[in-house]
Each structure stands twice: as C-alpha cells, then as structure tokens.
Amino acid sequence: MGKEVNFKADKPCCGCGESREDYVCFHHTYTRKAFPEYTWKEWNLMPLCLKCHVMIHKIGTSSMANKFHGVRNWLEKNGWEFCEFKKAWIFDKSKIV
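Okay, structure coming up:
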C-alpha cells in the first residue's frame, strides 16, 4: 500500500493562499511519528500547499509565521502561542479536553 497523502482541497494554503484541488495537504505541527495521538487533531493540521509544506520543513514554523501572515493567523487561531524564551511556537497540551 502506498504512502497516505492527506489532501484538504476545501482549505487554502496558510502560506501562499493556493487552493488548487489536490494541491493543499496537511502539515502536522507535532509529527505523526512522535505524537501519533495528535495526528488528526484540528489544532495540529495546518493546511499548506506542497511548496510551502517543503518550505516549513526547511525553515521552521517560526520563520514561516514571520514570512506569511496566514501561518501566524492559523497558529494563533488554533491555540498556539509564541514563547519568547524558547523563540518557538508552543501549544499548551493541558488545554486539550
């Protein structure tokens, strides 16, 4: 069986705004391998086009949030906060019900 791809055509890319059918997929902010329990949690599924998905893996979430307002807005809307001490976006998992 082939590798699963999680396309979400009804949501535009948080980075560049691209919304072509079968082009936008989910970026798991907490990786599926390390945190399988968060795989399908909405706060962990950032819609990104293939180009922006590669970019976030290369430059990181903080750099993407600085480069694209849509990424920052998605993070804030979904309960992520920027930690000045760690210089990273964090999600308070204690808020999960």
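Count the sequence shown with my numbering and you get residues 10 to 106, in order. Idealized CB from N, CA, C, for every residue including glycine.
In the assembly as shown, Trp49 is an exposed residue. Its beta-carbon has fewer than 16 other beta-carbons within 10 Å. Take His62, set aside five residues on each side of it, and the residues of its chain with a beta-carbon closer than 7 angstroms to its own are Cys34, His36, in chain order. When DSSP reads this structure, Ile99 sits in a beta bridge with Glu90. Counting along the chain, no alpha helix (DSSP H) covers Cys25, and no H or E run does either.
Within 10 angstroms of the beta-carbon of Ala97 lie fewer than 16 other beta-carbons, which makes it exposed. Per DSSP, Phe35 is one residue of the beta strand (DSSP E) stretching across 33–37. Straight-line spacing of the CA atoms in Cys22 and Pro56 works out to 5 angstroms.
Just measuring C-alpha positions, the residue of Leu59, Cys58, Asn53 sitting nearest Ile99 is Asn53. Ser72 and Ile65 have their alpha carbons spaced roughly 8 angstroms apart. In the DSSP assignment, Lys67 falls within the alpha helix (DSSP H) that extends over 59–68.
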